[in-house]
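Following the working numbering, the numbering of the sequence shown begins with 308 at its first residue and continues without gaps.
C-beta atoms are modelled at their ideal positions from N, C-alpha and C, and glycine is treated no differently.
Here the structure is laid out as structure tokens; the discussion comes afterwards.
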Amino acid sequence: MRIIAGSRKGIPLKSLPGTGTRPTSDKVKESIFNMIGPYFNGGVSVELFGGSGSLSLEALSRGVDEAYLFEKNAKACAIIEANAEKCRFTEALHIQRADARKAVQILQAKGVEAKLLFLDPPYAKAEYYNLALEFVEAGLLMDVAAIVCEHDKQLELPEAYGTYRKVKNVVYGNIAVSIYEK
């Protein structure tokens, strides 16, 4: 696993050993960013269920100004911090050691408006994808925002989260990626 493109291209990333987290493969990550726009001119990304921080770090490498990442596992947070240091993104990556279900409340208090929202919860927890609707209803997404959901290919996500409609659904083996835009 590595940074695929941008200012930190090629930097290897660590992930938590074992099955506690499920890092996005480089192939899937590259496809995600090709679909949502390979490079960005500023903005904020939010990653729920951070794992290794791979998606946030990739977004920063490709031009996002700041990234907020939510991860409740302390060991995973330590790995994310190490990856951020390696990529020299410690100032731009805001690691929140908190349950993703608290993200809306925390980001509202900070006045954050996201350009990218990444959801990659444990596949057994399908209800966590409803957090996308909470972000929409709370007004935490820019009009040009994209919601990116990585999920088991067997799981059918809704056609819309509020005003954000599913514009793409691509399958890679057992994994699917659904992208929503306004």
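- Message: In the DSSP assignment, the beta strand (DSSP E) including F442 goes from what residue to what residue?
- Response: Segment L438 to E444 is the alpha helix (DSSP H) holding F442; no beta strand (DSSP E) there.
- Query: What is the residue span of the alpha helix (DSSP H) that D333 lies within?
  - Reply: Following the DSSP letters along the chain, one finds D333 inside the alpha helix (DSSP H) bounded by residues D333 to I343.
- Cα separation between G344 and S332? Between the C-alpha atoms of G344 and S332 there is a straight-line separation of about 18 Å.
- Just to confirm, are L355 and P465 a CB contact at a threshold of 8 Å? It is not a contact, given that the beta carbons lie outside the stated cut-off.
- Message: Count Cβ pairs between the stretch 449–463 and the stretch 412–427 that sit closer than 8 Å; are there 3 or more?
- Response: Put simply, the stretch 449–463 touches the stretch 412–427. At least three CB pairs are less than 8 Å apart.
- Closest Cα partner of Y436 within the set K417, V335, A410 and Q415: Here the closest residue by C-alpha is A410.
- Item | 7 Å Cβ shell around V443 - same chain, five flanking residues per side excluded | For V443, where only same-chain residues beyond five positions count, the Cβ hits under 7 Å are Y468, G469, T470 and Y471.
- How about P330 and S361: are their beta carbons less than 8 Å apart? Judged by their CB atoms, P330 and S361 are nearer to each other than the 8 Å cut-off.
- Relative to the alpha-carbon of V478, which residue among K334, V351 and A416 has its alpha-carbon at the smallest distance? Comparing alpha carbon positions, the residue from K334, V351 and A416 closest to V478 is K334.
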